[in-house]
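Novice: Following this message is one structure expressed as structure tokens.
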Amino acid sequence: MSLPVITAFRNSPDRGRGFARDMRVRWAFEEVGQPYDVRLVSFETMKEPAHLALQPFGQIPTYEEGDLALFESGAIVLRIAEQRAGLLPNDPDARARAIGWMFCALNTIEPPILEREVAGFTERDRTWFEERRPILEDRIHNRVRRLSDRLGDADWLDGAFSAGDLLMVTVLRRLERSGILETYPNLPAYIARGLARPAYQRAYDAQHAVFVARSSGETGS
Ligand SMILES: N[C@@H](CCC(=O)N[C@@H](CS)C(=O)NCC(=O)O)C(=O)O
1 MSLPVITAFR NSPDRGRGFA RDMRVRWAFE EVGQPYDVRL VSFETMKEPA HLALQPFGQI
61 PTYEEGDLAL FESGAIVLRI AEQRAGLLPN DPDARARAIG WMFCALNTIE PPILEREVAG
121 FTERDRTWFE ERRPILEDRI HNRVRRLSDR LGDADWLDGA FSAGDLLMVT VLRRLERSGI
181 LETYPNLPAY IARGLARPAY QRAYDAQHAV FVARSSGETG S
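UniProt numbering puts the first residue of the sequence shown at 1, with every later residue one more than the last.
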């Protein structure tokens with residue numbers, strides 16, 4: 001039977017440091033022990049009709065498995081988590097809560113983090129930027145403070161490691177070097193626990209290998 005296929009950047013702007021969203025999907029595959037194939041796409045290819053049919057916004061990642069095509073990294077991680085054991089508890093209530101944490105990562109925590117990140121790329125030379133920056137950072141603090149309170153001294157958000165933690169760790173990683181997380185020492189420790197998982201390491205190495213191969217001219221155009 002053929003393996004599921006995902007798309008990833010041929011030329012990742014982060015130089016293969018695990019920030020592109022195929023990382024979440026790769027990590028989920030590794031956690032559940034599901035082998036997968038990767039189709040690398042250029043920025044031009046991503047905006048062409050064939051890719052737009054898979055991902056209407058011309059982005060990565062996508063996921064193809066038999067007749068099923070999916071986009072949205074959260075939906076893809078959920079699909080993977082539902083197919084094999086390892087990322088969602090069997091108990092229905094615990095499972096529903098873990099899925100709730102997946103939504104929380106993508107819907108409550110990621111938006112203010114992204115807003116700050118995008119402003120840093122697109123508004124840095126605008127007159128209002130320095131005034132706006134603390135407003136954007138306050139919005140993040142408001143979210144991560146409460147997340148930190150809820151996590152407390154637990155290892156994971158709700159019992160065993162789940163797809164909710166997987167997404168939360170990838171989202172919080174975007175704050176590395178922002179100086180924001182240092183106020184909440186349990187969050188860098190939480191991220192470190194996630195990144196120390198062998199499945200994360202394998203996913204990271206696979207994504208980084210694309211950058212390394214590309215830099216040494218092995219993957220073509
Ligand atoms: N909500 C989408 C966001 C996908 C997304 O933003 N992908 C980025 C890479 S991490 C991308 O393809 N950016 C290139 C572009 O938008 O042209 C998801 O979670 O899958």
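No residue lacks a Cβ here, since even glycine has one placed at the ideal position from N, Cα and C.
1. Cα-Cα, which of P188, T122, M23 and G179 is closest to D153?
2. Smallest Cα separation from R21: which of S216, I191 and R173?
3. Inspect the beta-carbon positions of P89 and G159 and report whether they are closer than 8 Å.
4. Relative to the alpha-carbon of A81, which residue among Y184, A206, F57 and L167 has its alpha-carbon at the smallest distance?
5. So what does L68 bridge to, in DSSP terms?
6. May I ask whether a heavy atom of ligand 1 can be found less than 7 Å away from the beta carbon of G217?
7. Ends of the beta strand (DSSP E) at D155?
8. Residues in its own chain within less than 7 Å of D14 by CB, not counting five upstream and five downstream?
9. Quick one: what does DSSP say T127 is sitting in, helix, strand or coil?
10. Excluding sequence positions up to five away, which residues of its chain have a Cβ less than 7 Å from the Cβ of P198?
11. Thinking C-beta only, is A69 closer than 8 Å to L54?
12. Per DSSP, which residues does D37 bridge with? Please list them.
13. Are there any heavy atoms of ligand 1 lying less than 7 Å away from the beta-carbon of M46, as far as the coordinates show?
14. For the stretch 112 to 119 against the stretch 127 to 146, are there 3 or more C-beta pairs whose distance is under 8 Å?
15. Let me make sure I understand the geometry here. Which of D205, T62, E44 and W156 has the alpha-carbon closest to that of G194?
16. Have a look at V171 and M23 and give me their C-alpha separation to the nearest angstrom.
17. For S221, count neighbouring C-beta atoms within 10 Å of its own C-beta (all shown protein chains included) and say buried if the count is 16 or more, exposed if not.
18. Do I113 and ligand 1 come close, with the Cβ less than 7 Å from some heavy atom?
19. Considering only C-alpha positions, which residue in the set Q34, V212 and A192 is nearest to Q83?
20. So is the beta-carbon of E72 under 7 Å away from any non-hydrogen atom of ligand 1?
21. For Q201, count neighbouring C-beta atoms within 10 Å of its own C-beta (all shown protein chains included) and say buried if the count is 16 or more, exposed if not.
Specialist: Looking at the coordinates:
1. Here residue 153 refers to the residue found at position 153 of the sequence shown. Per the Cα distances, P188.
2. Here residue 21 refers to the residue found at position 21 when the sequence shown is read from its first residue. For the residues S216, I191 and R173, the minimum Cα distance to R21 belongs to R173.
3. Indexing the sequence shown from 1 puts residue 89 at position 89. Indexing the sequence shown from 1 puts residue 159 at position 159. When the beta-carbon positions are compared, P89 and G159 come within less than 8 Å of each other.
4. In the sequence shown, counting from the first residue as 1, residue 81 sits at position 81. The residue with the shortest Cα to Cα distance from A81 is L167.
5. Here the question's residue 68 lines up with position 68 in the sequence shown. Within the DSSP bridge table, the entry for L68 names E65 as partners.
6. Counting from 1 along the sequence shown, the entry for residue 217 is found at position 217. Not one heavy atom of ligand 1 lies closer than 7 Å to the C-beta of G217.
7. What you label residue 155 is simply residue 155 of the sequence shown in a count that begins at 1. Per DSSP, D155 lies in no beta strand (DSSP E) segment and is marked neither H nor E.
8. Residue mapping note: residue 14 aligns to position 14 of the sequence shown, counting from 1. Shown here for D14: same chain residues with a beta carbon closer than 7 Å to its own, the five before and five after excluded, namely A20 in chain order.
9. Position 127 of the sequence shown, counting from 1, holds the residue named residue 127. In this structure, T127 counts as coil in the three-state DSSP scheme.
10. Taking the sequence shown and counting its residues from 1, the one referred to as residue 198 is at position 198. Once the five neighbours on either side are set aside, P198 has no close Cβ partner at all.
11. Within the sequence shown, residue 54 is the residue found at index 54, counting from 1. Within the sequence shown, residue 69 is the residue found at index 69, counting from 1. Cβ distance < 8 Å, so L54 and A69 count as in contact.
12. Residue 37 sits at position 37 when you count from the first residue of the sequence shown. Within the DSSP secondary-structure output, D37 pairs in a beta bridge with V5.
13. In the sequence shown, residue 46 corresponds to position 46, counting from 1. M46: yes, Cβ under 7 Å from ligand 1.
14. The answer is yes - the stretch 127 to 146 touches the stretch 112 to 119, with three or more Cβ pairs under 8 Å.
15. By 1-based counting over the sequence shown, the position of residue 194 is 194. Among D205, T62, E44 and W156, the Cα nearest to that of G194 belongs to W156.
16. On the sequence shown, position 171 is the one that residue 171 refers to. On the sequence shown, position 23 is the one that residue 23 refers to. Rounded to whole angstroms, V171 to M23 spans 11 Å at the Cα level.
17. Within the sequence shown, the letter at position 221 stands for residue 221. In this prediction, S221 has a pLDDT of 39, which is less than 50 and means its spatial position is unreliable; what the coordinates show is noted afterwards. With fewer than 16 other Cβ atoms inside 10 Å of its own Cβ, S221 counts as exposed.
18. By one-based count along the sequence shown, residue 113 stands at place 113. I113: no, Cβ never under 7 Å from ligand 1.
19. Taking the first residue of the sequence shown as 1, we reach residue 83 at position 83. It is Q34.
20. On the sequence shown, residue 72 is found 72 positions in, with the first residue counted as 1. Look at E72: its beta carbon is less than 7 Å from one of the heavy atoms in ligand 1.
21. Along the sequence shown, one-based indexing puts residue 201 at 201. A residue is called buried when at least 16 other Cβ atoms come within 10 angstroms of its Cβ; Q201 does not meet this threshold and is exposed.
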